[in-house]
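Structure record follows, encoded as structure tokens.
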Amino acid sequence: MASMVLDRFSGCNPTGWLFRAEQYFTYLGFSEKEWLTLAPFYLDGDAYDWFQCALDMMRKLDENYSYILCKLDNVQRALSACSQSLVADHVLLDVDSSCDDKGDPALSFDESSHVFEDLVALGSDTV
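Sequential numbering of the sequence shown, starting at 121, is according to the working numbering.
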């Protein structure tokens with residue numbers, strides 16, 4: 121059986137090299153998922169440097185993406201806890217009239233701003 125060899129890629133004729141690399145990896149029985157991890161073994165010079173740089177950038181993007189998702193999850197949990205607290209406490213802020221539907225005096229502007237500040241403080245502790 122004749123041995124099949126994949127030439128190393130240094131930057132010339134990328135389309136031709138990709139075609140030959142696909143044939144080579146398919147012939148050897150590698151899945152498409154494995155091709156990207158095998159390709160760097162066949163890169164030289166600027167092509168190898170470019171690949172390493174691109175791989176590092178993808179890793180950093182993935183780390184930043186994971187960090188952002190974690191922060192968003194924390195914010196979502198804090199907002200959920202705050203909204204559940206509001207529903208459980210039945211806090212009513214009525215600044216438009218002097219009495220609510222039950223005839224009880226409504227919160228004044230100063231009182232309602234204190235309630236808001238308390239809610240903000242509660243939310244900042246959980247984020």
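The C-beta atom is built at its ideal place from N, Cα and C for all residues, glycine as well.
Sequence-distant residues of the same chain with beta carbon closer than 6 Å to residue i, five excluded per side
i, result
"W137", "F129"
"P134", "none"
"L163", "F129 and F171"
Residue i to residue j span [Cα, whole Å]
i, j, result
"W155", "N184", "26 Å"
"Y263", "Y168", "Past the edges of the chain, shown from 121 to 247, lies residue 263, and the structure says nothing about it."
"C173", "K153", "20 Å"
From the options, residue whose alpha carbon lies closest to that of residue i
i, options, result
"T157", "K180, A141 and M124", "A141"
"Q143", "C132, G131 and L126", "L126"
"S123", "Y147, D182 and G165", "Y147"
"C132", "D193, G165 and G149", "G165"
Integer Cβ distance of residue i from residue j, believed to fall under 8 Å
i, j, result
"P105", "F145", "Nothing can be reported for residue 105, as the shown portion of the chain is limited to 121 through 247."
Cut-off 7 Å between Cβ atoms - residues of its own chain near residue i, not counting five sequence neighbours on either side
i, result
"Q196", "none"
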